[in-house]
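Chemist:
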Amino acid sequence: MEVEGRECNSAIQSEEETMELRRGPWTVEEDMTLMNFIAKHGEGRWNSLARCAGLKRTGKSCRLRWLNYLRPDVRRGNITPEEQLLILELHCRWGNRWSKIAQHLPGRTDNEIKNYWRTRVQKHAKQLQCDVNSKQIKDTMRYLWIPRLVERLHAPPTPPPTGSSPTTSTTTYHHLPTNISMSSGQLVPPPPPPGTSIGGDYGGVQPENSSTGLHRTRLGRRFHLSLT
DNA sequence: AATAAGGACAACCGCTCGGAC
DNA sequence: TGTCCGAGCGGTTGTCCTTAT
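Set out below in structure tokens:
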């Protein structure tokens, strides 16, 4: 990219260097400034970009904001079962290589995948009372969650069940390690905290709030701007 | 209705790597 | 060859929202 270096003379630079940097959540005005600047000049050279755009942010902060939120091709919304499956498989292969994993999920950012992993997968690991990097959790992924997701992907779309538990599965897992027990297609971990479901994300099709049938979707708390 | 607890996600921090000089 | 700086990555923290009590 070509940042208009002539405009960023040393006087301006030294003035801005003494300026206090902003932190915390980005405002709509800052987003607009960043987006307009990138639309005009392209991305890259983040430190000088931040200065020349007049943003009181670090280059790092600008880069992160752009990559994780403002980029036009960034996908927002729930992680689909297909994406969950891919994340599980790729994590089995590469571990916490979030950016590498993100490359295989178009529109998803490493930050988003990392957050997904921490909030969903680590939660289940905690419920199983095992370390997220343990063999047990990896086996659980490989032999239970992934097959369930595959099953879920191949299953025709069905209306929400009325009586039977949606987490009930008829699939048999011939390779299930002995340290993972099954009951009606479910893991039998120590009792989870009230209101949570082991099968929720990985095998069951039940919404987050099964009592109301509502599926909570959130597209972030803040404005999402796009360059269209 | 108020509030505490937990969840989800945005943002920051520290470290490493690679290129320019 | 060594140093500096920008960029990227993974880990962690902070903030706000939802849900439960």
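Read left to right, the first sequence gives residues 74 to 301 (the numbering used here). Every residue, glycine too, gets a C-beta built ideally from N, C-alpha and C.
#1: Where does Q157 land, buried or exposed, given buried means 16+ other C-beta within 10 angstroms?
#2: What number of angstroms, rounded off, separates the C-alpha of G258 from the C-alpha of R144?
#3: Determine the direct distance from the alpha carbon of L161 to that of R170, and round the result to whole angstroms.
#4: Output the distance between the C-alpha atoms of R225 and L178, rounded to the nearest integer angstrom.
#5: Less than 8 angstroms between the beta carbons of L217 and P154, yes or no?
#6: State the CB to CB distance for the pair W139 and E116, rounded to an integer number of angstroms; the pair is presumed to be in contact (CB under 8 angstroms).
#7: Do you know how far the Cα of K129 is from the Cα of T192?
#8: Tell me whether E281 sits in a helix, a strand or coil according to DSSP, three-state version.
#9: Near A123, what residues of its chain come up, given a Cβ to Cβ distance below 7 angstroms and the 5 sequence neighbours on each side ignored?
#10: My output table needs one value for P179: the three-state DSSP class, helix, strand or coil.
#11: Considering Cα atoms alone, identify which of W190, E102, D104, I152 is closest to G168.
#12: Which residue marks the beginning of the alpha helix (DSSP H) containing I219, and which one marks its end?
#13: Three-state secondary structure (DSSP) at L94?
#14: In chain order, what are the residue ranges of uninterrupted alpha helix (DSSP H) at least 4 long that sit wholly in the stretch 124-194?
#15: Indicate the three-state DSSP secondary structure (helix, strand or coil) for E103 in the structure shown.
#16: Please classify R118: does DSSP put it in a helix, a strand, or coil?
#17: Below 7 angstroms CB to CB, which residues in the same chain sit around F110 once its five sequence neighbours on both sides are set aside?
#18: So, using beta-carbon positions, are L163 and I174 closer together than 8 angstroms?
#19: With C-beta atoms as the reference, is I186 less than 8 angstroms away from A198?
#20: Pop quiz: T182 and N141 are said to be a contact at Cβ under 8 angstroms. What is the actual Cβ separation, rounded to whole angstroms?
#21: Taking D212 as the reference, which of R148, C165, L94 has the closest Cα?
Modeler: Quick answer:
#1: buried
#2: Residue confidence is low: G258 scores 32 on pLDDT, short of 50, so the model does not pin down where it sits. Its coordinate-derived value is still stated next. Whole-angstrom Cα-Cα distance: 41 angstroms.
#3: 12 angstroms
#4: 19 angstroms
#5: no
#6: 6 angstroms
#7: 31 angstroms
#8: Residue confidence for E281 is low, a pLDDT of 34 falling below 50, so the modelled location carries little weight; the figure read from the coordinates is stated next. In this structure, E281 counts as coil in the three-state DSSP scheme.
#9: R130, T131, G132, C135
#10: coil
#11: W190
#12: 219-227
#13: coil
#14: 132-138, 154-167, 171-175, 183-189
#15: helix
#16: coil
#17: L122, A126
#18: yes
#19: no
#20: 5 angstroms
#21: C165
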